[in-house]
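Those protein sequences? They're chains A and B, same order as listed.
Each residue of the first sequence is one higher than the one before, counting from 1 in this note's numbering.
Each residue of the second sequence is one higher than the one before, counting from 1001 in this note's numbering.
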Amino acid sequence: MSDTQTAEPVLKIEGLSIAYEPGRYAVKDVSATVKRNSITAIMGPSGCGKSTLLRAMNRMHELYPNIETRGDILLDGQSIFSMSVIELRRKVGMVFQRPNPFPNMTIYENVVAGYSLNDIRLKKNQRDEIVENALRNVTLWDEVKEFLYRKGTFLSGGQQQRLCVARAIAFNPEVLLLDEPTSALDPIATSKIEDLLGELKKQYTIVLVTHNMSQAARISDDSMFMYLGELVEAGRTETLFTTPKDARTEAYLTGKFG
Amino acid sequence: MNSAMDNLLTDNIKRRNRTNTRLKYIIIAGAVITVVPIFLIVGNLALKGYRQINLAFFTEPAPDTFQAMMAAASGEVIPGGIVNGLIGSLLMVLVASLVSIPLGLMTGIYLYENGTKRYANFIRSLTEILQGVPSIILGIIAYLWVVKNITRGYSALAGSTALTIMMLPLIIRSTEETMKMIPVTIREAAFALGAPYYKMIIKVLIPVSFSGLATGVLLALSRILGETAPLMLTALGNPSVSLDLTKPVSAVPLLIWDFYNDPNMVNLVWSASLFLMIFVLSMNLLSRSIASKHKYI
């Protein structure tokens, strides 16, 4: 992969503001870029708008009623607000804070749920291949290959979360959004997910919301720091952690608030 | 001093333990008192009704009073059965289900999806009111609408109409309550995969809540199976088997009422009641087994 390709932004956020009710902004005039095949961490104290920003990247924030969105987000140069949500969410997958496999579906069905929920019919061997690849990619294959036809909720929390990652990447998205994916997991399951993300960034672009600073420092290439809906600072993770430009970033990183 | 304090404490603990034990027995006694009538009911019905339950009971329509009198005089089992009532009940319940299950599920999902919106609240209140309407009044309404104006005479359709109105609020409530238990994150997971709204409902919401939905429907069914009052004003009763929706039909509870009013057929009251009781009971058991087998939430 050439350098120009790595440097080209996948997502370009332009002057994005989001209000849940008129005048009350959760995200205020944020402009930022997300680079291809990298992990971008969005950090900040609770209620700073980091989850809202992440959800805006595949328009999940529109599920809330009376939402007001201004500004734009470009995916490969095209405004996501001009795409159909179905197309957008195929390109931008999402993993949530709590593992949420579909409880009525088997492990196998969960992985291909993106296809079945969109009425994309596949042949049995295509499906088998997608399931095996996705589960191998999240290092879950060896643990579950014997139980593919058991319910997804039969797995442990950490395994369920990896299953949810598998479900998101089975669609082969460009971008993978993760909303505090390890906050409900124990340290071992957390480190497995972190290792996994390091591997996955070779194929996908990853945006991760975390309020765990050491996690951001461990695995991300770029970081954004948000405070009260504003993007205070963004840049290479090393730079941001060692020489923050803004006093608020420094205060947060040194544990003065948050 | 210290030992006096100790004694006081030991006494206190002893007293509390005694109170504990007493309360435990009171609770157990309460539970037993509740259960006893159920066993008495089933036992009584079984003892008095078992003799009449034979093949004819399920294959032949109700006897006339003369046949019953002859049999009673010679000490034999009363001939005939309840097939006219059984078929009539099943017919009316089937028609009522065909209307009320889809309509009830859709309304329940609508209420769940639109939670606190004004129109949803209005519908929800109406549903609650409907649930409280005495069944005889629904019978009178079905009489006015269907018997007077549509079938121009007593009919199975009129009976089904009354039963449909009875089932609707039960299904709507149970659907909404079941859906409320589904975590929001499951819905979000479906939307995040690009699923359109209707797919999320059909492939996620309904299957995930299947056990609750099925239980609600079965309980509604067992509730209306025993309804008598509204059927008296609508289905009226019919001595023979009929599948014509525009004609009067019989029903098991209607037959019980008929048997009760005929001194020669008293024995059949017990058999028909036993049958209805077992039928409703097995519906409940079925709903339980479905609930435990398909429980996801």
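We treat Cβ as the ideally placed atom computed from N, Cα and C, and that holds for glycine.
Treat the numbers as computed from the prediction; the structure is a model and nothing was measured.
Element boundaries [alpha helix (DSSP H), containing residue i]
| i | result |
| --- | --- |
| A:S214 | M213 to I219 |
| A:G261 | Lying before the first or after the last residue shown, residue 261 of chain A is absent from chain A, which here runs from 1 to 258. |
| B:D1258 | V1252 to Y1260 |
| B:R1124 | R1118 to G1132 |
| A:K91 | V85 to K91 |
| B:P1169 | A1156 to K1180 |
| B:M1277 | V1266 to K1293 |
| B:I1150 | B:I1150 -> no alpha helix (DSSP H), and no H or E assigned at all. |
| B:G1139 | S1135 to A1142 |
Inter-residue spacing [alpha-carbon to alpha-carbon] between residue i and residue j
| i | j | result |
| --- | --- | --- |
| B:V1252 | B:S1240 | 13 Å |
| B:N1020 | B:N1007 | 20 Å |
| A:R36 | A:T153 | 33 Å |
| B:L1285 | B:Q1067 | 37 Å |
| B:Q1131 | B:M1166 | 7 Å |
| A:E62 | A:F257 | 30 Å |
| B:L1243 | B:G1088 | 7 Å |
| B:V1269 | B:N1238 | 17 Å |
| B:R1223 | B:A1235 | 17 Å |
| B:S1003 | B:N1017 | 21 Å |
| A:V144 | B:I1101 | 39 Å |
| B:A1214 | B:A1291 | 8 Å |
| B:I1136 | B:L1126 | 18 Å |
| B:E1227 | B:L1233 | 12 Å |
| A:E87 | B:F1191 | 12 Å |
| B:F1279 | B:V1217 | 15 Å |
| B:S1074 | B:L1231 | 34 Å |
| B:V1266 | B:A1072 | 10 Å |
| B:T1185 | A:P101 | 9 Å |
| B:G1030 | B:V1036 | 10 Å |
| A:C164 | B:L1170 | 36 Å |
| A:R127 | B:K1180 | 33 Å |
Closest Cα partner of residue i within the set the options
| i | options | result |
| --- | --- | --- |
| B:Y1197 | B:E1113, B:S1100 and B:A1214 | B:E1113 |
| B:S1289 | B:V1269, B:G1212 and B:V1249 | B:G1212 |
| B:L1168 | B:F1066, B:I1136, B:L1047 and B:T1107 | B:T1107 |
| A:E109 | A:D76, A:K91, A:F147 and A:L75 | A:F147 |
| A:R167 | A:K256, A:I86, A:T249 and A:P99 | A:P99 |
| B:V1083 | B:V1217, B:I1028, B:L1047 and B:E1060 | B:E1060 |
| A:T141 | A:I107, A:I120, A:K123 and A:R121 | With the sequence shown as reference, residue 141 of chain A is identified as Trp, and Thr is not the correct amino acid for it. Answer by Cα proximity: A:I107. |
| A:D265 | A:N66, A:M83 and A:Y64 | The structure shown does not extend to residue 265 of chain A, since chain A is modelled only from 1 through 258, so no value can be given for it. |
| A:T237 | A:I18, A:T249 and A:E230 | A:T249 |
| A:R59 | A:I18, A:Y252, A:Y25 and A:N125 | A:I18 |
| A:P181 | A:Q159, A:K12 and A:D29 | A:Q159 |
| A:V30 | A:L54, A:G23 and A:E21 | A:L54 |
| A:Y64 | B:I1027, B:Y1050, B:R1187 and B:S1155 | B:R1187 |
| B:K1247 | B:A1062, B:V1147, B:I1171 and B:N1044 | B:V1147 |
| B:S1174 | B:L1219, B:P1230 and B:L1086 | B:L1219 |
| B:E1318 | B:W1145, B:T1161, B:S1273 and B:T1116 | One cannot answer for residue 1318 of chain B here, as it falls past the ends of chain B, which runs 1001 to 1297. |
| A:Y227 | A:T239, A:H211 and A:T242 | A:H211 |
| B:T1161 | B:L1055, B:P1063, B:H1294 and B:I1140 | B:I1140 |
| A:V112 | B:A1195, B:T1010, B:I1041 and B:F1039 | B:A1195 |
| B:I1078 | B:L1055, B:T1034, B:G1104 and B:L1163 | B:L1055 |
| B:L1163 | B:I1150, B:F1122 and B:L1090 | B:L1090 |
| B:G1104 | B:Y1154, B:K1048, B:I1172 and B:N1261 | B:I1172 |
First through last residue of the beta strand (DSSP E) which encompasses residue i
| i | result |
| --- | --- |
| A:L16 | P9 to E21 |
| A:R24 | R24 to K35 |
| A:A41 | I39 to M43 |
Contact with chain E by residue i, beta-carbon distance below 7 Å
| i | result |
| --- | --- |
| A:M57 | Considering every chain present, this structure includes no chain E. Its protein chains are A and B. |
Own chain, CB closer than 7 Å to residue i, minus 5 neighbours either side, in chain order
| i | result |
| --- | --- |
| A:K202 | N37 |
| A:T239 | none |
| B:T1178 | S1209, G1212, L1213 and G1216 |
| B:W1257 | T1228 |
| B:L1299 | Given that chain B is displayed from residue 1001 to residue 1297, the structure contains no residue 1299 of chain B and the question cannot be resolved. |
Residues near residue i in its chain [Cβ-Cβ closer than 6 Å; skip 5 each side]
| i | result |
| --- | --- |
| B:R1124 | L1111 |
| B:A1120 | L1111 and N1114 |
| B:V1204 | A1190 |
| A:V232 | F225, D246, R248 and T249 |
| A:T230 | Sequence inspection shows Glu at residue 230 of chain A; the Thr mentioned does not correspond to that position. Excluding residues within five positions, the ones whose Cβ falls inside 6 Å are K28. |
| A:R69 | For clarity, residue 69 of chain A is Thr in the given sequence; the question names Arg instead. Result list for A:T69: I18, in chain order. |
Cβ neighbours of residue i in the same chain (closer than 8 Å, five flanking residues each side left out)
| i | result |
| --- | --- |
| A:L197 | I39, L178, I206, L208 and I219 |
| B:L1221 | V1093, S1097, M1167 and M1283 |
| A:M1 | Model confidence at A:M1 stands at a pLDDT of 39, short of 50, so the residue's coordinates are unreliable; what they give is reported in the following sentence. Hits under 8 Å: N37. |
| A:T4 | Note on A:T4: pLDDT 43, under 50, position unreliable in the model; the coordinate value appears next. The answer is none, since no qualifying residue turns up. |
Of all the beta strand (DSSP E) runs that stay within the bounds of the stretch 169–252 of chain A, which reach a length of 3 or more residues? For the stretch 169–252 of chain A, whole beta strand (DSSP E) runs of length 3 or above, ordered along the chain, are 175–179, 205–209, 222–227 and 230–236.
Continuous alpha helix (DSSP H) assignments of at least 4 residues falling wholly in the stretch 1185–1235 of chain B: Counting whole runs of 4 or more residues, the stretch 1185–1235 of chain B contains the alpha helix (DSSP H) stretches 1210–1225 and 1229–1232.
Could I get the ranges of all uninterrupted alpha helix (DSSP H) runs contained in the stretch 95–152 of chain A, with 4 residues as the minimum, in chain order? 107–111, 113–116, 124–137 and 141–144
Could I get the ranges of all uninterrupted alpha helix (DSSP H) runs contained in the stretch 1056–1098 of chain B, with 4 residues as the minimum, in chain order? Taking only runs of at least 4 residues, the alpha helix (DSSP H) segments lying wholly in the stretch 1056–1098 of chain B are 1065–1073.
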